[in-house]
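Novice:
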Amino acid sequence: MIGGFVEVASADILPLFLREGRGNTMTYLKRVRPVETDGNWCTITDPAEGLPIRLKELAIQGHDAAHFEAEEGLVMVRAGGSLRYDWEQMAYGLVARAAKETSPKSQSELIGWAQDWFAIQGDIPDESTVRRRLMPLWREFQGQG
3 MIGGFVEVAS
13 ADILPLFLRE
23 GRGNTMTYLK
33 RVRPVETDGN
43 WCTITDPAEG
53 LPIRLKELAI
63 QGHDAAHFEA
73 EEGLVMVRAG
83 GSLRYDWEQM
93 AYGLVARAAK
103 ETSPKSQSEL
113 IGWAQDWFAI
123 QGDIPDESTV
133 RRRLMPLWRE
143 FQGQG
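At position 90 of the sequence shown (counting the first as 1) the number is 92 in our numbering, and the numbers step up by one without a gap.
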């Protein structure tokens, strides 16, 4: 008897992934092996046709998905369309700068840092947008977050 996460034989689940809607809604696992080992495959003999499984019952471990994405050059896509400005990366840049130098003395200085960061990227948002977006970060720098 095997419990916990298992690796499944790709040939067993391939029918679930056929293109153009021709994929089966269910298939049968005939071989599995525990995730923690690189040991031998265990053959499922009861039930004789194999263990029934649906696509929604399969899972991919996070580190395997991340490895695949890195290997294939895939990037995370945000829901809701693309953003014109990378606010998250800019915030990381500002925090890194504050850690290397010192925290900005004023909100205007923080806004200047952000505008400098965006200028290097090639496109600068208007100051009022930067001010609004940076308000939570400015509060954190002031110890009010």
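Cβ coordinates follow ideal geometry from the N, Cα and C atoms, glycine included.
Which whole-angstrom value describes the C-beta separation of A121 and L96, a residue pair presumed to lie in contact below a C-beta threshold of 8 angstroms?
Specialist: Taking the first residue of the sequence shown as 1, we reach residue 121 at position 119. Taking the first residue of the sequence shown as 1, we reach residue 96 at position 94. Not quite, the Cβ-Cβ distance comes to about 14 angstroms (not below 8 angstroms), so this is no contact.
Novice: If you run the structure through DSSP and keep just helix, strand and coil, what is P17?
Specialist: For the purposes of this step, residue 17 is taken as residue 15 along the sequence shown, with counting starting at 1. Correct three-state label for P17: helix.
Novice: Leaving out five residues on either side along the sequence, give the residues of the same chain with a beta carbon under 6 angstroms from the beta carbon of K32.
Specialist: Within the sequence shown, residue 32 is the residue found at index 30, counting from 1. Excluding the 5 residues flanking it on each side, K32 has same chain C-beta neighbours closer than 6 angstroms at D14, I46, G52, in chain order.
Novice: Comparing alpha-carbon positions, which option in S12, A72, R135, G6 lies nearest D88?
Specialist: By one-based count along the sequence shown, residue 88 stands at place 86. If we check each option's Cα against that of D88, R135 comes out closest.
Novice: Excluding sequence positions up to five away, which residues of its chain have a Cβ less than 7 angstroms from the Cβ of A93?
Specialist: Here residue 93 corresponds to residue number 91 of the sequence shown, with the count starting at 1. So the qualifying residues of the chain are L139.
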